[in-house]
Amino acid sequence: MQSLLPILAEPGQPDRLYQALGEEMARDVGHLLFTLLCVNGDTMQRVFSTRPDDYPVAASKPMTATPWGRKVLECKEVFLGRDMAAISWAFFDHALIASLGLGSAITVPVIYNGIALGSMNLLHQEHFYNENHVRMATKFAPLLVPAFLSMQSSMINARE
0 MQSLLPILAE PGQPDRLYQA LGEEMARDVG HLLFTLLCVN GDTMQRVFST RPDDYPVAAS
60 KPMTATPWGR KVLECKEVFL GRDMAAISWA FFDHALIASL GLGSAITVPV IYNGIALGSM
120 NLLHQEHFYN ENHVRMATKF APLLVPAFLS MQSSMINARE
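In terms of numbering that gives the first Met the number 0, the sequence shown has 157 at position 158, counting the first letter as 1, and numbering is strictly consecutive.
Here it is as structure tokens:
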């Protein structure tokens with residue numbers, strides 16, 4: 000994680016941080032798909048994806064008013080989905096997730112000042128993730144706060 004801190008000062012933000020974070024998460028935690036979602040009103044807007052053909056950037060998901068949204072965004076709790084049953088409960092696009100060979104997920108809320116700004120999402124094959132992976136992934140979320148605050152400001156300005 001320490002290697003990511005200097006990247007915050009480099010030009011090309013937030014994409015430079017998102018890319019480096021995806022690479023670090025692959026090494027430290029493991030993922031077959033890594034996405035970042037930023038709250039945009041009543042939806043979540045994808046701001047980064049390691050598989051943009053399957054999960055394109057700028058796409059929106061109506062996740063805020065779902066059981067997953069209540070857990071992650073309102074209660075600010077990490078979601079650990081170990082299998083397809085949990086994935087089906089959490090994500091309306093579970094069929095696409097399964098078709099890509101994915102079956103477990105970790106969603107970590109990105110929180111600032113008591114508010115969930117968005118989420119960091121890792122997906123892998125079924126039964127891959129456990130509590131140890133959650134502990135490793137959670138420590139990275141605060142690095143996203145400056146980028147997500149900036150993204151939210153841009154999205155608000157675009158709506159006005």
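Every residue, glycine too, gets a C-beta built ideally from N, C-alpha and C.
Leaving out five residues before and five after residue i in sequence, what residues of the same chain have Cβ atoms less than 8 Å from its Cβ?
i: Ala115; result: Val38, Val71, Leu72, Glu73, Lys75, Pro108 and Val109
i: Pro55; result: Arg45 and Ser48
With residue i and residue j assumed to form a contact (beta carbons below 8 Å), what rounded beta-carbon distance in angstroms separates them?
i: Ala104; j: Asn120; result: 7 Å
i: Leu31; j: Leu101; result: 6 Å
i: Lys60; j: Met43; result: 5 Å
i: Met160; j: Ala136; result: With the chain running from 0 to 159 in the structure shown, residue 160 is simply not present.
Under three-state DSSP, which class holds residue i?
i: Leu79; result: strand
i: Glu34; result: Strictly speaking, residue 34 in this sequence is Thr, with Glu absent from that position. If DSSP states are grouped into helix, strand and coil, Thr34 belongs with the strands.
i: Thr106; result: strand
i: Gly117; result: strand
i: Leu99; result: coil
Spatial neighbours of residue i within its chain, please: C-beta separation below 6 Å, excluding the five flanking residues on both sides.
i: Phe147; result: Cys37, Val109, Leu116 and Gly117
Looking at the unbroken beta strand (DSSP E) that takes in residue i, where does it start and where does it end?
i: Gln44; result: Thr42 to Ser48
What are the boundary residues of the alpha helix (DSSP H) that includes residue i?
i: Gln129; result: Checking the sequence, you will find Asn at residue 129 rather than Gln. Here Asn129 belongs to no alpha helix (DSSP H), and DSSP marks it neither H nor E.
Measuring alpha carbon to alpha carbon, tell me which residue in the options is nearest residue i.
i: Asn112; options: Phe90, Asp52 and Pro145; result: Pro145
i: Ser149; options: Pro13, Ser2 and Ala57; result: Pro13
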